[in-house]
Each structure stands twice: as structure tokens, then as C-alpha cells.
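**Student:** What follows is a single structure, and I will ask about it in a moment.
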Ligand code: SF4
């Protein structure tokens, strides 16, 4: 039995990738162990959004190597290192690929079978989580000045409705109370399916009548729409929750960031959401200290909040 510690850093999309890796290996002689436990292989499915994220991942890799495990670096950081020909880490297997996880899965299968080729035991089924992340979208067609995600995850790509439905039904079968629909730019879901929208996906999932609640992990400002508010307000299975990466309350800074957004329009939409969705929980991402941000820009963000 190959003991694998799968460490995930970063966003919910990355967490969903790790869950999918676990699920893909459930019939293999692989035992997933907690971080810090003695493992044969330590996979770090790593974010590379910030220098801090890179440091955390490299620290986990170094620790794994010191403890005698085989370190494997995967996820966005692995993709960035390979794409940029940056110095690699000694004795670390680097497996790029975020949209396509098959390379990592087949490597782990090989390692698992190489260790105990004739004694394939069943591992536990997909772990029960009361609130699993289900990835419905990956990649991004935007080009925000500070963001490396499009270059490591590629263009926006939606997961087909049937595939999402199957994942939702599996989560329901395992007793989940709620699922979190994740993606890099969820609002772009369906653009690659002949103009379908994320509402088509939500309606299909709500139509399953699983009794579970659906939470949208995060939605870009361009996805704020009355159609979305109606669904959040009008269906008992939708969490009245919005997390919006607003990033700044200064239009000048949004423009410098190369964001599509318009502060005035965003403020209008957030007010409308508050009016239309009873009990709304609203979260924002904001970047402070963006290069070129003045005191006045910062005060505009404070006023916006
Ligand atoms: S929309 Fe989000 S993921 Fe896409 S480039 Fe901008 S910050 Fe990055």
C-alpha cells in the first residue's frame, strides 16, 4: 500500500482538483495519510498566486524530502516552473497540468502498482465531506495585471452539465449537506457550450432535488446579474452567499489592474443584491497596496467597503 500525503494549497478549485485525484485513485493500493504522517510520497498540489504561496509549497517539499518521502510538486506552481524553465527543485518530481490531472494520476498509479504489484487492496471510497468542493469550471479568459492564473490554467473551460450532475449525486449519496461549486471564473461557465450560462447549470442542479444546498464559491463582478440574485433568493437549496473579487474601489486602480470592472456598476449591483436576497452574506476580495495606489485610491476603496 502506497502511503500518499496530498497537501493542497490555494483556492477551492485546487482543493477540488485534489478531491478528484483522491477519487481517481480510490480503487488503487493507495492510502492517503495526513500531512506530517510518515508517507512514501508527498504530493504538494501547489498554488503560485503569491511569493508566499510558493514559499509554503517549497517548504512542504523540502520537509517531505528530509523525512525520506518522494516529493512530487503539482498544480499551478509546477506548471509555472515548467513553462518558465525556472530552476527546478533538486530530486523533486515536477508534474505540471491543472486542467488535465491525468499525468499526476497515472504517475501515482505507477508508483502504487510498482510497490505492491500483486496485492491490490481496495482503499476507502471517496472521503465523506459535509461540504465538498465540486469544480465546474477552470481557466480564465481575462488578463488582470497581477494574476498568473490564466498562464498556468489556460483559457476558460466549463465542465459538462452531466459530469457536474454526476459529481453532485455522488456527494449526495455520500451524505454531504452542501456542495460548493468552484471555478476560476464561474461566471464564464457555458460560454464554450454555445452560449449557455451558469444559470443553466444552476437550474439543472437544483432540478436534481437532492436536498443539499449549493454554494457559489466566488463570482467575478461580470457575473452579478438579477438572474443570479433571483436564484439565490428564490430557492431554498441555494445559499444566500456571494463572494466577489472586487479588488479595488478606485476606478483608476481597476484600470491599472486591467480589470474589466466598473466601480459604480459594481456598487449598484451589490446594493441590488442586498435588496433582493434576504439574509445575504457578502464577502469581497480587495487588494491593498497595488503598485501606484495612492492614499486617495485607498480611501476610495475604504468608502466603497
Ligand atoms: S479574472 Fe481572476 S483568474 Fe482571471 S486573470 Fe483576473 S484575477 Fe486572474
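Residue numbers (this note's numbering): -8 to 296. Note that the Cβ used here is the ideal one computed from N, Cα and C, for glycine as well.
#1: DSSP state of residue 299, grouped into three classes?
#2: Can you give me the start and stop residues for the alpha helix (DSSP H) that residue 258 sits inside?
#3: Give me whichever residues DSSP pairs with residue 126 in a beta bridge.
#4: On a Cα-Cα basis, can you pick out the residue from 222, 163, 257 that is closest to residue 238?
#5: By the 10 Å Cβ neighbour count, where 16 or more other Cβ atoms means buried, how is residue 107 classified, buried or exposed?
#6: Grouping DSSP H, G and I as helix and E and B as strand, with all else coil, what is residue 141?
#7: If you drop the 5 nearest sequence neighbours on each side, which residues of the same chain put their C-beta closer than 6 Å to that of residue 111?
#8: So what's residue 9 in DSSP terms, helix, strand or just coil?
#9: So residue 149 packs on residue 190, CB below 8 Å; how close in whole Å?
#10: Do you know how far the Cα of residue 289 is from the Cα of residue 45?
#11: Out of 34, 130, 123, 293, which one is the CA nearest neighbour of residue 96?
#12: Within 10 Å of its beta-carbon, does residue 126 have 16 or more other beta-carbons around it, so buried, or fewer, so exposed?
#13: Measuring only the C-alpha atoms, how far is residue 206 from residue 235?
#14: Using a 10 Å radius around the Cβ and a threshold of 16 neighbouring Cβ atoms, would you call residue 240 buried or exposed?
#15: Suppose the cutoff is 6 Å on Cβ atoms and the five residues either side in sequence are ignored; what does the same chain contact list for residue 113 look like?
#16: Alpha carbon to alpha carbon, what distance is there between residue 267 and residue 102?
#17: Specify the secondary structure class of residue 22 as computed by DSSP and reduced to three states.
#18: Considering only C-alpha positions, which residue in the set 232, 156, 170 is nearest to residue 192?
#19: In angstroms with no decimal places, state the Cα-to-Cα distance between residue 215 and residue 165.
**Tutor:** Answer, in terms of the structure:
#1: Outside the displayed span of the chain (-8 to 296) sits residue 299, for which this structure offers no information.
#2: 254 to 267
#3: 173
#4: 257
#5: Because residue 107 sits at a pLDDT of 37, beneath the cut-off of 50, its placement in the model cannot be relied upon, and the following sentence gives the value as read from the coordinates. The residue is exposed, with fewer than 16 neighbouring Cβ atoms inside 10 Å.
#6: Annotated three-state conformation of residue 141 is helix, per DSSP.
#7: For residue 111, the predicted model reports a pLDDT of 29, less than 50, meaning its position is unreliable; a value from the coordinates is still stated below. If we look at residue 111 and ignore the five residues flanking it on each side, its Cβ neighbours are 20.
#8: helix
#9: Their Cβ separation, rounded to whole angstroms, is 13 Å, which puts residue 149 and residue 190 out of contact at 8 Å.
#10: 27 Å
#11: The shortest Cα separation from residue 96 among 34, 130, 123, 293 belongs to 34.
#12: buried
#13: Near 13 Å, if we compare the C-alpha coordinates of residue 235 and residue 206.
#14: Only buried fits residue 240, as 16 or more other CB atoms lie within 10 angstroms of its CB.
#15: The predicted position of residue 113 is uncertain, since its pLDDT is 30 and thus under 50; no value can be drawn from it.
#16: 53 Å
#17: strand
#18: 156
#19: 32 Å
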